[in-house]
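One structure is given below, encoded as structure tokens.
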Amino acid sequence: MPESKLVEEDREFIPELRQQFLDRYNKEPEKYDEIDVRKVEINDWSVLRFIKYNHQDISKAVDHLDSALQWRKEFGLNKRSESDLPKEFVKAGAIFPYGCDDKGRTIIYMRVKVHKKVPKLMEYFRQFVVGVIERVDIESGETGYALLFDLTGIGFSNADMDFLQFFINTLQTYYPYGMRYVIVYNLPRLLRPLWTIAKLWLGSDQKIIKFANGDEIKTLIPLDQLPKYLGGEADIDFTKAPDGCKSVIELGPKYGFTDDEVEKYMKMFEPHMKEAHQLVHGVK
Numbered sequence: 024m025p026e027s028k029l030v031e032e033d034r035e036f037i038p039e040l041r042q043q044f045l046d047r048y049n050k051e052p053e054k055y056d057e058i059d060v061r062k063v064e065i066n067d068w069s070v071l072r073f074i075k076y077n078h079q080d081i082s083k084a085v086d087h088l089d090s091a092l093q094w095r096k097e098f099g100l101n102k103r104s105e106s107d108l109p110k111e112f113v114k115a116g117a118i119f120p121y122g123c124d125d126k127g128r129t130i131i132y133m134r135v136k137v138h139k140k141v142p143k144l145m146e147y148f149r150q151f152v153v154g155v156i157e158r159v160d161i162e163s164g165e166t167g168y169a170l171l172f173d174l175t176g177i178g179f180s181n182a183d184m185d186f187l188q189f190f191i192n193t194l195q196t197y198y199p200y201g202m203r204y205v206i207v208y209n210l211p212r213l214l215r216p217l218w219t220i221a222k223l224w225l226g227s228d229q230k231i232i233k234f235a236n237g238d239e240i241k242t243l244i245p246l247d248q249l250p251k252y253l254g255g256e257a258d259i260d261f262t263k264a265p266d267g268c269k270s271v272i273e274l275g276p277k278y279g280f281t282d283d284e285v286e287k288y289m290k291m292f293e294p295h296m297k298e299a300h301q302l303v304h305g306v307k
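Take any residue in the sequence shown, note its place counting from 1, add 23, and you have its number in our numbering.
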């Protein structure tokens with residue numbers, strides 16, 4: 024069946040799913056954020072994505088939409104701001120949107136070698152990651168976006184399977200049909216067994232995975248959209264923090280970090296911030 028026809032058939036279910044959700048909302052409005060409910064009422068994509076992901080099974084789609092919107096309120100997503108989190112998260116270049124593919128889809132880069140499993144920082148980093156996804160998801164709409172796992176230089180210390188499961192679950196459960204495909208870049212041979220586990224979490228979506236090593240990335244992303252550090256021609260500073268972002272030094276007291284912890288975290292971020300600066304500006 025042609026994709027265009029499938030899309031039109033999906034759209035026919037929007038009024039039904041919208042009404043079923045609003046019936047639930049009217050019974051227990053306190054479970055949802057009014058901002059999200061308004062989107063369901065006026066934005067077709069906020070409904071259509073659940074229909075497409077659940078293959079027109081409206082019973083599953085309404086449960087999925089219901090669960091996603093309750094999570095958004097519990098997570099406080101509409102009340103969060105990127106400026107509430109340490110600017111070091113941005114300046115280290117761990118995850119950032121950059122350029123587009125040949126279909127105009129934004130690409131979210133995740134430089135996995137930057138990731139370190141630090142329990143006391145994990146919740147804040149998850150908030151940061153969800154913030155990046157949220158921003159790209161809103162800007163992309165029905166066009167969708169891609170995800171690039173840059174595995175260059177990673178080791179077992181970077182292999183945080185709990186975080187990877189959280190990341191995949193967030194995309195599938197709360198942002199269905201937003202991410203259209205995944206590029207796995209420079210996967211080390213020693214870590215291929217771990218990627219096998221990740222593919223199980225992706226389930227039926229694993230067919231959307233593309234692999235690339237070295238210059239092969241240039242066949243997947245236009246050169247004028249590819250970062251210079253990957254051999255492209257694009258020149259965007261992905262380490263520029265949003266206005267109002269504070270340092271972990273300034274935020275330490277707010278989050279209950281001791282002076283020793285703040286010093287420890289700063290030392291942890293410094294080499295990654297220096298490397299990210301070099302990647303952006305081509306200096307040593």
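Even for Gly, the Cβ is constructed at its ideal location relative to N, Cα and C. Just so you know, these numbers come straight off a predicted model, no measurement behind them.
Item: Quick test of your reading: Tyr-200 and Tyr-121, contact by CB under 8 Å. State the CB separation rounded to the nearest angstrom.; Value: The Cβ separation is near 22 Å, so there is no contact.
Item: Which whole-angstrom value is the C-beta distance of Tyr-208 and Ala-235, which I expect to be below 8 Å?; Value: 5 Å
Item: If we ignore side chains and look at the alpha-carbon of each, how far apart do Val-70 and Arg-41 end up?; Value: 7 Å
Item: For the beta strand (DSSP E) that Asp-363 lies in, which residues bound it at each end?; Value: Because the chain spans 24 through 307 in this model, residue 363 falls outside it and cannot be assessed.
Item: Got a sec? Which residues, its chain only, sit under 7 Å from Asp-33 by beta carbon, not counting five neighbours each side?; Value: Leu-71, Ile-74, Lys-75, Gln-79
Item: Around the C-beta of Thr-129, are 16 or more other C-beta atoms found within 10 angstroms, so that it is buried, or is it exposed?; Value: buried
Item: Quick check on the burial criterion: 16 or more other C-beta atoms within 10 angstroms. Buried or exposed for Pro-276?; Value: exposed
Item: Among the residues of its own chain, which have a CB less than 7 Å from the CB of Val-285, if the five just before and after it don't count?; Value: Val-271, Ile-272, Gly-275
Item: Please identify the residue among Val-85, Thr-262, Glu-239 whose C-alpha is closest to the C-alpha of Gly-254.; Value: Glu-239
Item: For Glu-146 and Gln-93, I'd like the C-alpha separation in whole angstroms.; Value: 19 Å
Item: Could you name the residues that DSSP lists as bridge partners for Phe-234?; Value: Val-207
Item: Write down every uninterrupted run of the alpha helix (DSSP H) in the stretch 121 to 195 whose length is 4 residues or greater and which is fully enclosed by it, in chain order.; Value: 142 to 163
Item: Between Asp-86 and Asp-258, what straight-line distance do the alpha-carbon atoms span, to the nearest angstrom?; Value: 43 Å
Item: To which residues does DSSP link Met-202 through a beta bridge?; Value: Tyr-168
Item: Compare the Cα-Cα distances from Val-137 to each of Glu-51, Val-153, Val-113 and report the closest residue.; Value: Val-113
Item: Quick one: give me the first and last residue of the alpha helix (DSSP H) that Pro-294 is part of.; Value: 282 to 304
Item: Going straight from the alpha carbon of Lys-140 to that of Glu-31, what length do you get?; Value: 44 Å
Item: Tell me the rounded alpha-carbon separation between Arg-134 and Asp-173.; Value: 5 Å
Item: Rounded to whole angstroms, what is the Cα-Cα separation between Arg-61 and Tyr-55?; Value: 10 Å
Item: If you draw a straight line from the alpha carbon of His-304 to that of Lys-263, how long is it in whole angstroms?; Value: 12 Å
Item: Tell me the rounded alpha-carbon separation between Thr-196 and Ala-299.; Value: 31 Å
Item: With burial defined as no fewer than 16 other Cβ atoms inside 10 Å of the residue's Cβ, what is the status of Ile-65: buried or exposed?; Value: exposed
Item: Under 8 Å by Cβ, that's how I've got Pro-265 and Glu-105 pegged, so tell me the actual separation to the nearest angstrom.; Value: 5 Å
Item: For Ile-118, write down the residues that DSSP places opposite it in a beta bridge.; Value: Met-133
Item: Mind checking whether Tyr-132 and Leu-171 have CB atoms under 7 Å apart?; Value: yes
Item: Within 10 angstroms of its Cβ, does Lys-110 collect 16 or more other Cβ (buried), or is it exposed?; Value: buried
Item: Roughly how many angstroms separate the alpha carbons of Ile-156 and Asn-101, rounded to a whole number?; Value: 13 Å
Item: Give the DSSP-derived three-state secondary structure of Ala-257 in the structure shown.; Value: strand
Item: Please return the same chain residues whose Cβ sits closer than 8 Å to the Cβ of Leu-144, not counting the five positions on each side in sequence.; Value: Tyr-288
Item: If you check the beta carbons only, do Leu-210 and Tyr-252 fall under 7 Å apart?; Value: no
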